[in-house]
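Report on the following structure.
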Amino acid sequence: MKEQIESILAAAKERIAQAPDENELQKVRSEIVGKQGTLTMLLKELPKVDPAERPEMGKLLNLAKNQVTELIDEKRTDLKLKASEVSPDFDCSVPGVMPRNGGLHPITQMCYDLNDAFRSMGFEVFQEDDITSEMYAFDKLNFPQNHPARESMDTYWLEGHDNGPTNEKLCLRPHLTGGSVRYMQTHKPPYRFVYPGRVYRNETTDAHHERAFFQYEALIVDKDITFTSGKVLIKSILSKVFGTDVPVRMRSGFFPFVEPGFEIDMQCQVCGGKGCSVCKHVGWIEVMPGGSPHPNVLRAAGLDPDEYTGFYVNIGLDRLVMMRYGVDDVRLFHSGDLRFLSQFR
Amino acid sequence: MKLSLSWIKDYVELPEDADLKQLAYDLTMDTVEVEDVEYIGRRFDNMVVGVITAVNPHPNADKLRVCTVDLGEEEPKEIVCGGINLAVGMKVAVAVPGAMVRWHGEGEPVEIKKSKLRGVESYGMICASDEIGLGDLLPAKEEAEIVDLSAFDAPAGTPIADALDLNDVLLEIDNKSMTNRPDLWGHYGIAREIAALYKLPMKKIEPVAIDAKSDFKVEIADIDRCPRYIGVEMNGVCVKPSPFAMQSRIWRVGMRPINALVDITNYVMLATGNPTHAFDADNIKDHIVVRRAEEGENLLLLNGKELALCNDDLVITDAEGPVALAGVMGGAKDSILPKTTRVILEVANFESTGIRRTALRYDNRTEASSRYEKAIDPERCDQALALSLQYFREFYPELQIVGYCDRYEKKLERAEIDVNLDWLARRLGKHLTNEDIRAKLEILGFDVAIDGDNMHVIAPTWRSTGDISIKDDVMEEVARMYGYDHFEATPFETSFTGAINQKEIDLVRNIKEYLAIRCGMQEIYTYPWMNDVFVNAVMQSTDGMLRLSTPPAPDLSYLRSSLLPNLCEAVVKNERYFTEFSIFEEAQVFTDADYTSPYDATESLPKQRRNIAAAVASATKSVNELFREVKGALEYMPRYTHMESFTFRKDVKPVWADTVVWQNIYRGDVKIGDIGLVAKKVSMDCGIKNLTVLVFEIDTTLLKPLISRTNKFTHLAEYPTTDYDISMLFDSAATWEEIKAVIAIKENGPVKKADFVDEYRGKQIPAGKKSVTIRLTIGSNEKTLTSEEIENAAGSVMKQLSKRLGAELRTQ
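Set out below in structure tokens:
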């Protein structure tokens, strides 16, 4: 019987050690120490054993039984620690949970990107009020009285402030440049600043035209700046926005507040300049006006135009954001529609 | 503005093989923006002249005919047509398969295909003029009339573009890009610019001398408003069509041919840029006087408008009164009529701003006024007169000039400008030789004299009406003739004097990033004007608001004095798609008050503040949860964004707020904003359906950024602290503020902190009471406290709360 016990015990040890899971352990337990288990059966046969050997065999059997039970318990603990806490069919391919909703408006993001770029070049960020006078919207920018150019920017006038001399007529600013004059009046040259803001035009809206839109003005004024320095400003903006050097060209353009004035085109980023429907098949897209501030504008700001000159660009942020993401309707920016805004995080 | 290339070629010797793409590019880069180059002939691709050889009835349709048409090919073709004027021998325009036509002149162009019409095979289409875009040039006299090309000398099969001599190119120029260049309005001016750009010879329109002895008189009463007026009285004219070539050119650039007399005046305007006018001489009594209108004087215009004039208007008058609104439009009385046989031709120069004022005053802008208002040089009258007479004489061989008067009262001074050559080189960032500069300017018509460092420039008359007036204008001319693309980008040199430090600007950005990133809110932008519905619902009064005089819509006239109305509108819009969201906006707000003159003493601007407002909306969360969420965003904002902290108290209830759930927000003693629950009535009036909405609004101009981060390092506790929660029953009206005041925290005492955990009113709580759970942090700076000491510390807090606020320990 002793041999039998030893062989059962050895086999049990082996099975327990190799047991891959709880099921096998249960099986070992019932086959060896369960009601019909091999050791239990031996125990039942004990009365048949020679009485002289009986106490020893009984002891051996009990020891073996205990040992098997202990080994099973040990192995069970061991299996538990090594096993996963969850069932093996846990699905790791389910999507994660979004951290938190919320984000900045895509135009704010663009504006901050540009602010960071210009700050790194030593430009200040300027901010001005939305309501201005006709004097600052037009007079100080060298728009002659009764000049058709005043009409090119249909302006929202304020009730009760829409008549009288230009210093008394108030409007929602039709552009930012009048505010730049205010900056120059209250700061000492040389100037390096950017001026983001919203401007307003009284026009009919469609997918490409808005009544309220964002401009980003950059102005540098110093002694002996040539207009060709302006190309550096333009390239800084575009390379920041598009991440690569974008070819630009400056061509003759007319704006009363600059002399010389330019229309600045960038290579169409959709077709790479080959010509497509986006760029009306010319390969270039008009992105911003620019030029040297007109001597009358510098004078209005209290500077001597013989001494100072500079360069100015004014870029439409809505248009840039539209190009950055492929947005096809400018009116979405003011829609407050979270289905749209939540795409830009 | 549309320009015809063949017309331009009348005045400049542009080579036949000129590269048009390059021409458009060069004009765009150096002068004006060419928006489009159109080959007119391509409109008539797959359209040919056909000669009808037979007209037979259609077996299945009364109104249709089956025509046999010779298209110049071996076999004639059968074409089904419903035209009313079909006749054998007639020359017609046939659109063959592939042509694009507009059915009955309406809708989008469609492609012609071989097809069966009511069972009969038809090869193509015999066209009416408006079906192939010729409605204005060859107008049909009645409906379903086929265009008759019999008068054109072209055999069957000739492409329509060849037959009608329409193989021309149109340059479409962006008008905005030439506002400052009145000299370019007209084919002659553009030709002059092209001649300069390419150094090509001009075919000038030379002035003509007129020798007509007569007592025909013109008087100018206001020479500032009318520097020059030429009147030519002519006999021997009549109303008849002008030659097709002239009609065709007028039509190409977008005007409509009328009759020879009117066509000549329009043609001359399109050619030279100088408007001209023809009066029926029989309707002009005595002589012409150009004067300012008298207040209230009446004038019936050619277009039927009856005007009551004012003294600022300039009029052409005869002995009986005004006959035309100078530079804008002729009157009904003097206009050309079918019986006209004698005309007075007006070739005049009017001052720009006056014309503009009058045209705008009567909302009556015309081709003439839009040219005059750009400031035309009076010398141009010479070319306009010469060209006019050329055509009058050509069209009316019997013409007699019976009267002529040229009043040139106010000569235009050519602009003279001194330019320092050193300055020029510095501004260009490039040194050009004197000869180079001279050549670039002289080709544009400038006279140039160089003396040492000074260049004396005299601008041509056509650039002297304001366009060229300062040395920067001269610099621009040199630069553009050199070519902007040929200048290299020059880096600018600057001196750095210190780091940029803009606390206020940075603070607003920090707050926006805090709300978006930490608080999970989405930034939105809305318009500065508000919808009346939301103004009434949220603000409940329009007192002190500014208003637009011409708003985008009648109910969008008020400018926002608060961001909340538009924020509520955004809540309504988004409620369609979301049950829980939070949004914020940062923008300017306006009130009709506190006017100041920060920049110019004569200017007076209202105080404009910038606010930040947020709305947190949910269909499921409780008011309590939402309130704490919004308040938390505000309470932690100063720490995270580095500004002076806020306090909250109840002083003045915001109009939009619920009667209970609101607080005012303070920085020190300054009220900076409000927080609260949008009242049920307000919410309903806005159209919010199921959402509970909590909002706050603060004035960012009243915030104070810290000059540096001010929090100090705190030593880590040496001995452990214990969190100890107590739940007590308080009077239902007791506030956390009162409770917190009782648990006075002393620096060396065992109670280090007391935090609000939650409060509860409900079944197990007696009426008029609430249970508040408070978490005490208990510890010592000197030792580890025993549990007895901890119990004692908590016990003394509870004792104080019982004594001072009547709180009872919750038994359960």
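In order, the protein sequences belong to chains F and R.
So in my numbering, the last spot in the first sequence is 345, and the numbers never skip.
So in my numbering, the last spot in the second sequence is 1157, and the numbers never skip.
Note that the Cβ used here is the ideal one computed from N, Cα and C, for glycine as well.
Because the structure is a prediction, the values reported are computed rather than measured.
| Check | Outcome |
| --- | --- |
| Classification of R:D1014 by the beta-carbon crowding that lies within 10 angstroms, buried from 16 upward | exposed |
| Range of the contiguous alpha helix (DSSP H) that encloses R:N614 | According to the sequence as given, residue 614 of chain R is Met; it is not Asn. Looking at the DSSP string, the run of the alpha helix (DSSP H) that includes R:M614 is A605 to T617. |
| Within chain F, the residues that R:Q933 reaches when beta carbons sit closer than 7 Å | D129 and D130 |
| With 16 other Cβ atoms within 10 Å as the buried cut-off, status of F:V287 | buried |
| Exposure label - R:G1021; buried when at least 16 CB within 10 Å | buried |
| Contact belief for F:L341 with R:Q867 at Cβ below 8 Å, rounded distance in angstroms | 5 Å |
| Reduced DSSP secondary structure (H/G/I, E/B, other) of F:M250 | strand |
| R:E538 and R:T376 closer than 8 Å at C-beta | yes |
| Close-in-space but distant-in-sequence residues of the same chain around F:R249 (CB under 7 Å, 5 per side omitted) | D265 and W284 |
| For R:I815, three-class secondary structure by DSSP | coil |
| As assigned by DSSP and simplified to three states, the class of F:T205 | coil |
| Presumed contact (8 Å Cβ cut-off) between R:I689 and R:V584, rounded CB distance | At roughly 15 Å, the Cβ-Cβ gap does not stay under 8 Å, so R:I689 and R:V584 are not in contact. |
| Sequence ranges, beta strand (DSSP E) only - wholly within the segment 894-979 of chain R, length at least 3 | 925-935 and 953-963 |
| Contact set between the segment 662-693 of chain R and chain F, restricted to residues whose Cβ is under 8 Å from the partner | none |
| R:L431 and R:V394 closer than 8 Å at C-beta | no |
| R:T835 to R:F879 span [Cα, whole Å] | 53 Å |
| Touch test, the segment 17-25 of chain F against the segment 45-64 of chain F, Cβ-Cβ under 8 Å, three pairs minimum | no |
| Bridge partner(s) assigned by DSSP for F:E168 | Answer by DSSP bridge pairing: none, since F:E168 is not bridged. |
| Neighbour list for R:P897 in chain F, Cβ cutoff strictly below 7 Å | R211 |
| Given R:T686 as reference, the closest of R:F737, R:S593 and R:S714 once Cα atoms are compared | R:F737 |
| Residues of its chain near R:N628, where Cβ-Cβ distance is below 6 Å and the 5 sequence neighbours each way are ignored | K678 and D679 |
| 6 Å Cβ shell around F:R251 - same chain, five flanking residues per side excluded | E263 |
| R:K684 classed as buried or exposed, judged by whether at least 16 other C-beta atoms fall within 10 angstroms | exposed |
| Span separating the alpha-carbon of R:G666 from that of R:R825 | 49 Å |
| Cβ shell of R:V563 (< 6 Å), same chain only, five flanking positions each side left out | Y574, G576, I633, C750 and R752 |
| Where R:T992 falls, given that 16 or more other Cβ within 10 Å makes a residue buried | exposed |
| Unbroken beta strand (DSSP E) run spanning F:G316, endpoints | Y308 to G316 |
| Limits of the unbroken alpha helix (DSSP H) element including R:W530 | First-last for R:W530: undefined, no H or E at that position. |
| Under 9 Å from the C-beta of F:E263: neighbouring residues of chain R | T373, E378 and S522 |
| Among R:K1144, R:R1054, R:R1155 and R:D1100, the one whose alpha carbon lies nearest that of R:I1110 | R:R1155 |
| Pair within 8 Å by beta-carbon distance, R:S1077 and R:K1114 | yes |
| Beta-carbon proximity list for R:P504, same chain, < 6 Å, skipping 5 on both sides | V393 |
| C-beta contact flag for F:V330 and F:N142 at 8 Å | no |
| Local conformation of R:Y736 per DSSP, three classes | helix |
| Where R:H622 sits in the DSSP three-state scheme | strand |
| Below-8 Å beta-carbon distance, F:N142 vs any chain R residue | no |
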